Each structure stands twice: as structure tokens, then as C-alpha cells.
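Numbering (the working numbering), first residue to last: 2 to 403.
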Amino acid sequence: MQPPVSLVRRVAVAAIGLALIVALVRLFSPDPAGSQPVPTLTVTRDLRIDAAVQDLSPINWMAVAPNGTIAVSQFQDSRVAFFDADGKPLGTFGRSGDGPGEFRRPASHGWLGDTLWVSDPGTRRVTLISPQRELLRTLPWANGITFDSTLAPPPQFFWVFPRALYPDGSSLVDAMVARDSPPIPWPGPARDGNPLVRISASGRFQRILMWTPDRGCSVSFPIQGGSGFASIPFCTIPLTDLAPDGSRFALATAEDVDEREGFYRVLVVRASGDTVFNTRHAFGPVAIPERMADSVIAQRLSRNEQPEFAAAWRSMKLPASFPPLDRVLLGRDETTWIEHYTFSGNRTWSVLDHTGQPIGWLVIPRDVRIQQAARDTIWAIETDDDGLQHIVRFRVTSARGS
2 MQPPVSLVRR VAVAAIGLAL IVALVRLFSP DPAGSQPVPT LTVTRDLRID AAVQDLSPIN
62 WMAVAPNGTI AVSQFQDSRV AFFDADGKPL GTFGRSGDGP GEFRRPASHG WLGDTLWVSD
122 PGTRRVTLIS PQRELLRTLP WANGITFDST LAPPPQFFWV FPRALYPDGS SLVDAMVARD
182 SPPIPWPGPA RDGNPLVRIS ASGRFQRILM WTPDRGCSVS FPIQGGSGFA SIPFCTIPLT
242 DLAPDGSRFA LATAEDVDER EGFYRVLVVR ASGDTVFNTR HAFGPVAIPE RMADSVIAQR
302 LSRNEQPEFA AAWRSMKLPA SFPPLDRVLL GRDETTWIEH YTFSGNRTWS VLDHTGQPIG
362 WLVIPRDVRI QQAARDTIWA IETDDDGLQH IVRFRVTSAR GS
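Structure representation (C-alpha cells):
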């Protein structure tokens, strides 16, 4: 008799929890010189902005200004809602449309001092919003990147997506090269993946900040009229984050993973291109139960009856273990936050200081998803049983009260 999938999942959850404890013990053990163990951090909620009271629709991002003002995207309403540091509503900005001060899809965002900028793929422009929630100006997206060398024909990009804006007018962009583009004169050796590029206000190339590796988590196969793609369950992907002010970029990757031990690397660089830190941390891999892997493949097969997709799923090789990490998040104060992978139960985070060394770890409920963080404060979205998303803030302290 086959054990039920629910039992397999409970066993897997217990195994993941045990392995996570082992990994945290490794990560936070004192060094031979006798330094004190890194503390467990505790959180205390000190602010909750109720979604029903404030008529909030689902939140797809949150941005906290240097003075504590909270801005949240209301994607369904094509607007941004603002609250002060005490949770008092300040008003909204935006509406649906293509005109000035209107949005189609308010997406990437950040701060230029106390000015909020919001990028909109639907209108291909950036909107700058004043602290008084008024329109300052709009900036068109760059259509490409120009280089000092003379190129004929010039490189072609199908996507130059803004990730950060800077006071001198330059910006940080994801540069996605068109399939048939001529060769591009990137400096240095050829690299796989997509470059994160800093360009001037006029769109001229300045530097490559970092190469983001290809995810490598899908398989392609021929279908009638083209190619099909299927994502690989439990595949470990490179994780990235950009600081709210665009000052730092983080990349977290797994490496040297076998049945007994693995490592993940956290690399943080500044917008200038200088490396902040590049550290390597051990973790204990958690094997994916065979019955769980079979169950996932069976579920995927039940969703798509096309023979090409079915053949791809049946021949797909799944990873031997779960990914070590779920998210990397750059704090507002040179900290770096790492969420360890779980698919059930509470969320577990470790916190690194400005040198990449651990300063604490904490556990929070699964319905709380951190959006921004600092050593002593967390801003998050809390989802209740009815699916309403509330804005919450927590104060963070260690066992020693620091």
C-alpha cells in the first residue's frame, strides 16, 4: 500500500526542518577564538495597517522612504497608496491610463532621496512622484544602449528594463539582447547570462555592474510550429536583489552540492562596481523524497495532455535535493537578509552584516512576507485567511536586547 502524499509531505517537512537547524548551527557557530554565538532574533509587531479599513487591494510591492513613509502598489487600481510612519493614510497617486500620472502596470520602483520613482512596462516610462504625492516628471525608457565604438549595424535589445535611478541621471538596467543582434562590445571575456548595466541619462554604456547567470531551470523540446518549454520543479535558481536606493546589488547562488553537504555564495556589489563582500556558507542538503517527485510530475501531467509536453515531463530529471534558499533581500542599513527554503511551516531568515558575517537569525509566520528590512525593523505584508494583505511593521531585538 502506498503512503498518502500528505504523509510524504509531512515527513519531508520534518526532514527540511532538521536539516535547516543543522545548517544554522554550522552558519552561526562561534569561531575557535571564542567569539560569542550569534543570537536568535525576536520580532514584535508595532504597526498594522488593516487592508479592509484602508480598502487595500492586493499589494505587489512596498517601498519605505528614508523618513518612514510607506508606499504600496495597488496593481488592480493602477495607483500607489501612501501612509506615514505611524500608519496614517496620506493619500494616493495615479490611476489607470496612458497620460501623465497614469499607470498601466506599476512595476519596478525605488527612491531618489524622498522622491519615489515607478517604472511602468505598459507605458514604457518612469514616473517621479514628489513627497506631496504630486507628479514631478516622466522619463521615457531607453530603447537601447549606445557604445563609444562605432558599430554598424548597432546592437539590438528587445528589453532594456530600468532597475534603479541615480541623482546624476544615470540608471541601472537589465539589458536583454535580441536574438539576431550583432555582437556587442561588452568589456572582458564572453559571459553567459544577462548583464546588469549602468548607462548615462542619454543611454550610453558606462559599466557592467554584474552578470546574472542563466537560470537553467527549464527544458525545451520541439512542438508543432516551434518549441515548448517546461520548468523543472525544485530547481535552484540564482537569487538577486537590489537595495531600495539602488546602492547595492546582491547575487546568491548554490555550488558544490552533493548528498551530504553544499554551499551557497552571497556576492554583494555597489553601484560603482566595487565588491562589498563575497562569502560562502555551508548548508545541509535535504533530499527530495522520490514519492514527492513522482507526485509533482503526475500533477504536471494531469494539467497538460499534449503528447510533447507529457514526454518532456516523463523524461525530466529532477534535482536530488531542495534548493537551499528562497530569497535574498538587501537591507536599508548595509545588512543582507537570507530566507532559507521551505515549502511549509514558518519562514526562517538569517541576517548578515556589512562584511557578510552572520549577526542573527529569526523565525516568522509563513503568512508574513518581508518587503524591506533593517537590523532593528522589518516591514512586511501579512496575508490573512481571507486573502486580505495587511501592512505590518516589526521591531527586531536579540536575546541580549540589542
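Ideal Cβ positions, reconstructed from N, Cα and C, are used throughout, including at glycine. Just so it is clear, the structure is predicted and the values come from calculations on it, not from any experiment.
Expected contact under 8 Å - CB spacing of residue i and residue j to nearest Å
{"i": "A272", "j": "L197", "result": "Actually they do not touch by this definition, with Cβ atoms about 10 Å apart."}
{"i": "A143", "j": "V119", "result": "16 Å between Cβ atoms; not a contact."}
{"i": "Q390", "j": "T398", "result": "Incorrect: roughly 26 Å between the Cβ atoms, too far for contact."}
{"i": "A86", "j": "V73", "result": "Contact doesn't hold; Cβ gap of about 14 Å is too wide."}
{"i": "G111", "j": "D246", "result": "6 Å"}
{"i": "Q157", "j": "A179", "result": "4 Å"}
Exposed unless 16 or more other CB atoms sit within 10 angstroms - verdict on residue i
{"i": "P286", "result": "buried"}
{"i": "E340", "result": "buried"}
{"i": "S345", "result": "exposed"}
{"i": "M293", "result": "buried"}
{"i": "M177", "result": "exposed"}
{"i": "A52", "result": "buried"}
{"i": "G217", "result": "exposed"}
{"i": "L252", "result": "buried"}
{"i": "L268", "result": "buried"}
{"i": "P183", "result": "exposed"}
{"i": "D386", "result": "exposed"}
{"i": "E1", "result": "Only positions 2 to 403 of the chain appear in the structure, and residue 1 is not among them; the question remains open."}
{"i": "G227", "result": "exposed"}
{"i": "V369", "result": "buried"}
{"i": "R164", "result": "buried"}
{"i": "V39", "result": "buried"}
{"i": "R199", "result": "buried"}
{"i": "T128", "result": "buried"}
{"i": "F230", "result": "exposed"}
{"i": "A24", "result": "Caution is warranted here: a pLDDT of 48 is assigned to A24, below 50, making its placement in the model unreliable, and the coordinate value is therefore given only provisionally. It is buried - the Cβ of A24 has at least 16 other Cβ atoms within 10 Å."}
{"i": "G388", "result": "exposed"}
{"i": "S409", "result": "Look at the range of the chain in this structure, 2 to 403, and you will see that residue 409 is not part of it."}
{"i": "S150", "result": "exposed"}
{"i": "P107", "result": "buried"}
{"i": "L302", "result": "exposed"}
Simplified DSSP state of residue i, which is helix, strand or coil
{"i": "F278", "result": "strand"}
{"i": "M293", "result": "helix"}
{"i": "A86", "result": "coil"}
{"i": "D386", "result": "coil"}
{"i": "P308", "result": "helix"}
{"i": "L243", "result": "strand"}
{"i": "L302", "result": "helix"}
{"i": "D327", "result": "strand"}
{"i": "Q133", "result": "coil"}
{"i": "F94", "result": "strand"}
{"i": "Q75", "result": "strand"}
{"i": "S58", "result": "coil"}
{"i": "W314", "result": "helix"}
{"i": "S399", "result": "strand"}
{"i": "Y342", "result": "coil"}
{"i": "R333", "result": "coil"}
{"i": "F235", "result": "coil"}
{"i": "Q157", "result": "coil"}
{"i": "R249", "result": "strand"}
{"i": "S322", "result": "strand"}
{"i": "W187", "result": "coil"}
{"i": "A53", "result": "coil"}
{"i": "D47", "result": "strand"}
{"i": "R1", "result": "An answer regarding residue 1 cannot be provided, because it is not within the stretch 2 to 403 covered by the chain."}
{"i": "A272", "result": "coil"}
{"i": "G285", "result": "coil"}
{"i": "S36", "result": "Because S36 carries a pLDDT of 49, less than 50, the predicted location of this residue cannot be relied on, and no value is offered for it."}
{"i": "P101", "result": "coil"}
{"i": "R138", "result": "strand"}
{"i": "D181", "result": "coil"}
{"i": "G114", "result": "coil"}
Those residues which DSSP pairs with residue i across a bridge
{"i": "A165", "result": "L173"}
{"i": "S228", "result": "P223"}
{"i": "T356", "result": "According to DSSP, T356 bridges with nothing at all."}
{"i": "R348", "result": "I365"}
{"i": "T147", "result": "R205"}
{"i": "N195", "result": "T213"}
{"i": "D121", "result": "R126"}
{"i": "E256", "result": "F264"}
{"i": "R106", "result": "In the DSSP output, where bridge partners are listed per residue, R106 has none listed."}
{"i": "W380", "result": "Q373, R394"}
{"i": "A64", "result": "A72"}
Beta carbon proximity, residue i to chain C, threshold 8 Å
{"i": "R125", "result": "Given the protein chain composition of this structure (a single chain), no chain C is represented."}
| message | Check whether the region 307 to 327 and the region 206 to 222 are in contact - that is, three or more C-beta pairs closer than 8 Å. | response | yes
| message | Below 8 Å, how does it come out for the region 36 to 47 and the region 78 to 85: are there three or more Cβ pairs, yes or no? | response | no
| request: Specify whether the region 117 to 130 and the region 257 to 268 touch according to this definition: at least 3 beta carbon pairs, one from each stretch, less than 8 Å apart. | output: no
| Would you say the region 331 to 338 touches the region 370 to 390, given that touching needs at least three Cβ pairs under 8 Å? | yes
| query | Is it a yes or a no for the region 52 to 70 touching the region 382 to 400, going by three-plus beta-carbon pairs under 8 Å? | reply | yes
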